[in-house]
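Enquirer:
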Amino acid sequence: MTYLFDMVHHNPGESPFDTNFTDPTYLAHYGFNGQVFKHVHCLATLEAVAPGIFPTTPEEIAWLEAKTAELQGQMRAAKEAGLAVYSHVDLFVLPQAIVEHFKDDICDAQTGRILLDCPKTKELHQALIAELFARFPELDGLIIRVGETYLHDTPHHAGNGAVSYASDDYAAQQQQFVELIRFLRTEICERHDKLCLFRTWDTYPDRFHASKPFYLAITEAVEPHEKLIFLIKHTVVDFHRWVAPNPCLLTGKHSQIIEVQCQREYEGKGAYPNYSTHGVINGFSEPRQRHGLRDLLPNPAIKGLFTWTRGGGWYGPYIDKSNELWSDLNAYVLAQYALDPTQSEEQIFSRYASEILHLNEADQTLFRKIALLSLDGVLKGKCCAGWDSRDDIPDYHYPTNQWMRDDVLHGYDLLEPVFAYLIENHLVEAAIQEKQEAVAVWQEMAELAERLACDPKLKAVIVASCQYGLRLFSFIAAAWELLLTAQHQQTKDGELEAPRLGPLLEAADQAWAQYQQLPEQHPAASTLYRLHGWSWPGKPPVEGLGASIEQIRDTIA
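For the sequence shown, our numbering assigns the number 1126 to the initial residue and increments by one for each residue that follows.
#1: Beta strand (DSSP E) containing G1436: first to last residue?
#2: Could you name each continuous alpha helix (DSSP H) segment of 4 residues or more that falls completely within the region 1627-1672, going from the start of the chain to the end?
#3: Just to confirm the assignment, what range does the beta strand (DSSP E) spanning Y1211 have?
#4: Using only CA atoms, which one of R1316, P1370, V1271 lies nearest to V1695?
#5: Do you know how far the Cα of A1565 is from the Cα of L1573?
#6: To the nearest angstrom, how far is the alpha carbon of R1324 from that of V1214?
#7: Which term fits N1424, buried or exposed, when burial requires 16 or more other beta carbons within 10 angstroms of its beta carbon?
#8: So, is W1567 buried or exposed, given that buried needs 16 or more other C-beta atoms within 10 angstroms?
#9: Three Cβ pairs or more, each shorter than 8 Å: is that satisfied between the region 1199-1215 and the region 1152-1171?
#10: For M1529, which residues in the same chain have their Cβ closer than 6 Å to its Cβ, ignoring the five residues on either side in sequence?
#11: Comparing alpha-carbon positions, which option in S1380, E1184, L1353, L1656 lies nearest I1674?
#12: Given that a residue counts as buried once 16 or more other Cβ atoms are within 10 Å of its Cβ, and exposed if not, what is S1380?
#13: Alpha carbons only, please: which of Y1295, T1279, E1273 is nearest the one belonging to A1287?
#14: If you draw a straight line from the alpha carbon of G1408 to that of W1367, how long is it in whole angstroms?
#15: Check whether the Cβ atoms of I1481 and C1591 sit closer than 8 Å, and answer yes or no.
#16: In terms of alpha-carbon separation, which member of T1127, I1677, V1543 lies closest to E1622?
#17: Can you name the residues that DSSP bridges to C1232?
#18: Which of the three DSSP states, helix, strand or coil, is assigned to V1224?
#19: Would you list the residues sitting across from D1131 in a DSSP beta bridge?
#20: Between the alpha carbons of V1133 and A1682, how many angstroms are there, rounded?
#21: Under the assumption that Q1527 contacts L1539 (Cβ atoms under 8 Å), give the Cβ distance between them as a whole number of angstroms.
#22: Beta strand (DSSP E) containing V1405: first to last residue?
#23: Take every Cβ of the region 1589-1603, pair it with every Cβ of the region 1641-1654, and state whether three or more of those distances are shorter than 8 Å.
#24: Do I1239 and F1179 have their C-beta atoms closer together than 8 Å?
#25: Below 8 Å between beta carbons: does that hold for F1364 and R1389?
#26: Pull up the distance between the alpha-carbon of F1157 and that of T1127, whole angstroms please.
#27: Residues in the same chain with beta-carbon distance under 6 Å from L1353, minus the five sequence neighbours each way, listed in chain order, please.
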């Protein structure tokens, strides 16, 4: 692969992760040839077209100077390690003072959105791009995102997505994308001879990222350029199991780079074993994901991989460089496979176990078994085959209604329709059995981990992560049986049977208590999940699994 670059996607608005993957020498050692940073566009003053506007306040000046010095140091270190340097850029984001100064020339009078079709908007961004490449000569290119815009780490800036998804006028949106990409192609690729890496990611099933016709309507209208490349996640939606492959890959006339997440945000973020790279390369067990990178990388249209070794999503669970083993494994195998796809995944895994972890032959066998078992343990513990394999399920869906993500657990608020379907189709016992099978898998993994004879610190991390999975999914199995049984009873006769639910409630309480004891008993473990649902940072927590359990407790009391 020509391009193999990585980004640590620190949680917006939070302290940066403590990780080996911010060290460019570490990346280079694993085989990466590029490193991605964030927010370089927010360091532009636009002095060429907006003199004296930003920065002016002491706070703006101090912020800009500190961030500039920090990013310059990071870029220079990457260059010294032999890596190409890129920055992830959200369009459109500009200093608040400049947005206010030019609002009549760049913003919609009704919504306040910065508009693409305003000449002043293009003039400002033409100057911004020129300034970035002049002030930061280390930059080899920009990664452009327009699907999401977060300002948590840029207190002196304002902005919005460059293309509005507010209406269902697909033709208008496609034309906006064409206009934007042509502009970026001219300014980045032609004028400055740099890479323009355009991410197609959005959160819609029928738009740029997930719809082949939508993708082609845009890309076919843009002349190819060797330095214009589209970045596309390998899944049709986010990094999930049970979802279809991205139909836009290997489509059209432009070069592409595949995005892969090493610390999957919907599957524990490395808190418990999850050797997802095995499935990413070879295909997962579920029918829609039985293809993998081995089917894609031989195509000359694919120019490389863009990995997220750490980050994605929000909140925790939080790991650090002392216990990021499972993210590390995923990253190493992906990088080495991209360097030489004629190798098998198993060969690279064996090399990691022997050369990186220094495991003896017996421990290598145990470690391999743990890693492969994690694929079933995660799938059966988190998802629900009865729901996720429905005949009428769309390609673009969130498995099991995305009841479990980051470090939160939803309850009836998201699981009620899943449970209703299971009840209606006589799948309750099968769903409960699936969760019990997951526990059995995690129990086997925990027993295998105890048999390791490797370095004590490494063994402590592996044991702690396996215990984390065992205790978490034991609680989930107990909670699912409790909630499903309660909903089933209410569906049948409207009343809850305390004699049956009481023992189930007690089992869930005991499993949760055991999970809560994990940090004390296994200090190498990551932070724990929480019993409420997901909400945006700064917003009140949403009632989740804990509230559903308490609802049952109160009812049967």
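The beta carbon of each residue, even a glycine, is placed where N, CA and C say it ideally should be.
As the structure is a computational prediction, the values presented were derived from the model and not from experiment.
Expert: Reading from the atomic positions:
#1: Translated into positions along the sequence shown, residue 1436 becomes position 311. Looking at the DSSP string, the run of the beta strand (DSSP E) that includes G1436 is 1427-1436.
#2: 1643-1646
#3: As a position in the sequence shown, residue 1211 is number 86, starting the count at 1. 1209-1215 is the span of the beta strand (DSSP E), which, as asked, contains Y1211.
#4: There is no way to answer for residue 1695, as the model of the chain reaches only from 1126 to 1682.
#5: As a working mapping, residue 1573 is identified with position 448 in the sequence shown. As a working mapping, residue 1565 is identified with position 440 in the sequence shown. Distance between the alpha carbons of L1573 and A1565 is about 12 Å.
#6: By one-based count along the sequence shown, residue 1324 stands at place 199. By one-based count along the sequence shown, residue 1214 stands at place 89. Answer to the nearest angstrom: the Cα atoms are 10 Å apart.
#7: Taking the first residue of the sequence shown as 1, we reach residue 1424 at position 299. Its Cβ having fewer than 16 others within 10 Å, N1424 is exposed.
#8: The residue labelled residue 1567 in the question sits at position 442 within the sequence shown. Buried, since its Cβ has 16 or more Cβ neighbours within 10 Å.
#9: yes
#10: Reading the sequence shown from its first residue, position 404 is the one you call residue 1529. Result list for M1529: K1507, in chain order.
#11: Position 549 of the sequence shown, counted from the first residue, corresponds to residue 1674. With distances taken between Cα atoms, I1674 lies closest to L1656.
#12: Reading the sequence shown from its first residue, position 255 is the one you call residue 1380. So S1380 counts as buried.
#13: Residue mapping note: residue 1287 aligns to position 162 of the sequence shown, counting from 1. Considering only alpha carbons, the answer is E1273.
#14: On the sequence shown, residue 1408 is found 283 positions in, with the first residue counted as 1. On the sequence shown, residue 1367 is found 242 positions in, with the first residue counted as 1. The alpha-carbon atoms of G1408 and W1367 are separated by roughly 11 Å.
#15: On the sequence shown, position 356 is the one that residue 1481 refers to. On the sequence shown, position 466 is the one that residue 1591 refers to. No, Cβ-Cβ distance for I1481 and C1591 is not below 8 Å.
#16: Locating residue 1622 in the sequence shown gives position 497, counting from the first residue. The residue with the shortest Cα to Cα distance from E1622 is I1677.
#17: Counted from its first residue, the sequence shown places residue 1232 at position 107. Its beta-bridge partners are I1239.
#18: What you label residue 1224 is simply residue 99 of the sequence shown in a count that begins at 1. Reduced to three states, the DSSP call for V1224 is helix.
#19: In the sequence shown, counting from the first residue as 1, residue 1131 sits at position 6. For D1131, which the question treats as bridged, DSSP gives the partners Q1160, T1432.
#20: As a working mapping, residue 1133 is identified with position 8 in the sequence shown. As a working mapping, residue 1682 is identified with position 557 in the sequence shown. About 48 Å.
#21: Here residue 1527 refers to the residue found at position 402 when the sequence shown is read from its first residue. Here residue 1539 refers to the residue found at position 414 when the sequence shown is read from its first residue. With a Cβ gap of about 7 Å, Q1527 and L1539 count as contacting.
#22: Taking the sequence shown and counting its residues from 1, the one referred to as residue 1405 is at position 280. Counting along the chain, V1405 falls outside any beta strand (DSSP E), though it belongs to the alpha helix (DSSP H) covering 1401-1407.
#23: yes
#24: Taking the sequence shown and counting its residues from 1, the one referred to as residue 1239 is at position 114. Taking the sequence shown and counting its residues from 1, the one referred to as residue 1179 is at position 54. Taking 8 Å as the Cβ cut-off, I1239 and F1179 do not qualify as a contacting pair.
#25: Within the sequence shown, residue 1364 is the residue found at index 239, counting from 1. Within the sequence shown, residue 1389 is the residue found at index 264, counting from 1. Yes, the Cβ-Cβ distance between F1364 and R1389 is below 8 Å.
#26: Stepping through the sequence shown from its first residue, residue 1157 is reached at position 32. Stepping through the sequence shown from its first residue, residue 1127 is reached at position 2. Straight-line Cα distance between these residues: approximately 10 Å.
#27: Taking the first residue of the sequence shown as 1, we reach residue 1353 at position 228. Here the set comprises R1310, C1314, C1321.
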